[in-house]
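Read through the structure below, which is laid out as structure tokens, and then see the notes.
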Amino acid sequence: MRDVVVVGAGPVGMLLAGDLARSGVDVEVLERRPEPGWGSRAIGLHPPVLAALERSGRTERILSSAMRVPRGEARSDGKRLGVVRFDRLSTRFPFVATLPQSETDAAIAADAPAPLRGASVLAVRERGDRVVVRAGVGGRPVELEARVVVVASGAGGRGLVFRPESARADDYRDRYVMADIAVGDRPDAATAVVHLDREGVLESFPLPNGVRRFVAWADETADRDPSSLLEQLRGALVSRGEFSAADRVQEATGFGVRRFVAPRLRNGRVLVIGDAAHEVSPIGGQGMNLGLLDAATLAPLLAEWMHTGLAPESDLGRWERRRVRSATTAARMAAVNTRLGRSIGPRADAVRRAAVRTMLAGPVGGVFARAYAMGFDADA
160 MRDVVVVGAG PVGMLLAGDL ARSGVDVEVL ERRPEPGWGS RAIGLHPPVL AALERSGRTE
220 RILSSAMRVP RGEARSDGKR LGVVRFDRLS TRFPFVATLP QSETDAAIAA DAPAPLRGAS
280 VLAVRERGDR VVVRAGVGGR PVELEARVVV VASGAGGRGL VFRPESARAD DYRDRYVMAD
340 IAVGDRPDAA TAVVHLDREG VLESFPLPNG VRRFVAWADE TADRDPSSLL EQLRGALVSR
400 GEFSAADRVQ EATGFGVRRF VAPRLRNGRV LVIGDAAHEV SPIGGQGMNL GLLDAATLAP
460 LLAEWMHTGL APESDLGRWE RRRVRSATTA ARMAAVNTRL GRSIGPRADA VRRAAVRTML
520 AGPVGGVFAR AYAMGFDADA
């Protein structure tokens, strides 16, 4: 029997597994996918996560190749509305680090046990002093036992721990189109830019090696075939003066957004973290960071449990409340960002511009910098 089985070998599951293994805990990771994912996904690591990963050496690995983003700008019609200064925050890492998620995954997994791939977990059931995991591996049924199981397999893993009526996410009506485009060096190479115009938001985030990620709001009724997505993004780029990016973009992907925050993260010996526990709009870039903080703060509690044989009930309860509170805060902020980025009429657009200009001016701008850098997370 294992000490801990982690379901899911994404960055959240691998962070937890690596920290547990380093603490001498016998841990097994089960992953449905036969190979690591290489798609274009989350790219930003916020200051609290960089601080949480520092002791293990992961932050050093990440920063060796990441772009450091010290500031963000809000623009409209090509004019600057205001600035968010991460470099003025009183924090160990006064910037957002950006890099492709495949590189983040590799840095996190470097000291974690290799996952058992091709393992589709079908059920998780607590039986007395253990948890039984039923899975399919290579077409054959397998049962594993562990003292504790942690589900970190994303939204698809919710059915393992929640009833169907409790696992439903709320769909936003918003859709977005996205691409990573090599644009080369430019004056704002290290600045995150958010264009707020009548036709909806266009976000532009720096990545290493002269690449930027562009994310544009798209009409929910627009076509979703690849050629249409590409033309939608090109149109959004051209209208904001991003002519070089518009010329160079070759393909684009579309996505929708959902919201889900579980009220509980633990039931006895079964716990849930990451996107399996909470899903927020990616506008604001806090989803993966939430899960990484789930894992980083849970690992020492599970290690204590495994070494002493006694669950630290009060600490686990406190952990659960803090992480649910943090997810709720992030979901609310993401919802505001999502609404702020919608296409609106000229009068509402004028009001939005004035509001953003006011909010980012003076001392209030520092509050927004703290919020966007996850400074209000309970474990920041």
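Heads up: the sequence shown runs through residues 160 to 539, numbered per this note's numbering.
Even glycine gets a Cβ: it sits at the ideal position worked out from N, Cα and C.
Since we're looking at a predicted model, the values are computed, not measured.
Rounded to whole angstroms, what is the Cα-Cα separation between VAL283 and ARG217? 31 Å
**OP:** Check whether the Cβ of ALA338 lies closer than 8 Å to any Cβ atom in chain B.
**Re:** In the structure shown, chain B cannot be found, because there is only a single protein chain.
Self-check item: Endpoints, beta strand (DSSP E) assigned at ARG428
Solution: Segment: none, ARG428 is in no beta strand (DSSP E) and carries neither H nor E.
Legend entry - Spatial distance of SER403 from LEU396 (CA atoms): 9 Å
*Are at least three pairs of beta-carbons, each pair with one atom in the stretch 506–515 and one in the stretch 485–497, less than 8 Å apart?*
no
Q: Give the DSSP-derived three-state secondary structure of HIS466 in the structure shown.
A: helix
I'd like to know whether the C-beta atoms of VAL320 and GLU302 end up nearer to each other than 8 Å. no
Would you give the residue range spanned by the alpha helix (DSSP H) that ILE221 belongs to? Start and end: 217–222.
Note to self: Could you check whether PRO253 and LEU452 sit closer than 8 Å to each other, using their CB atoms as the reference points?
What the structure shows: no
Do MET465 and ASP270 have their C-beta atoms closer together than 8 Å? no
Would you call the stretch 254–264 and the stretch 226–241 touching, i.e. three or more CB-CB distances under 8 Å? yes
Q) If you compare alpha carbons, which of SER387, GLY359, ILE340, HIS354 is closest to PRO365? A) ILE340
* Asked: How many whole angstroms separate the CB atoms of VAL280 and ALA294, which I take to be in contact at a CB cut-off of 8 Å?
  -> 5 Å
Inset, instruction - Sort ALA537, ARG425, LEU392 by Cα distance to ALA486 and report the nearest one. - result: ALA537
message = Below 8 Å on the Cβ atoms is my contact criterion, and I expect ARG289 with GLY413 to pass it. Report the Cβ-Cβ distance as a whole number of Å.
response = Contact between ARG289 and GLY413 does not hold, since the beta-carbon distance rounds to 44 Å and is not under 8 Å.
Applying the criterion that 16 or more other CB atoms from any shown protein chain within 10 Å of the CB defines a buried residue, is THR456 buried or exposed?
Around the beta carbon of THR456, 16 or more other beta carbons sit within 10 angstroms, so the residue counts as buried.
Give me, in chain order, the residues of the same chain whose beta-carbon lies closer than 7 Å to that of GLU410; leave out the 5 immediate sequence neighbours on both sides.
ALA338, PRO385, LEU389
Do LEU189 and ALA311 have their beta-carbon atoms positioned less than 8 Å apart in this structure?
no
*asked:* I'd like to confirm the pairing. Which residues does DSSP put opposite ILE340 in its beta bridges?
replied: ARG371
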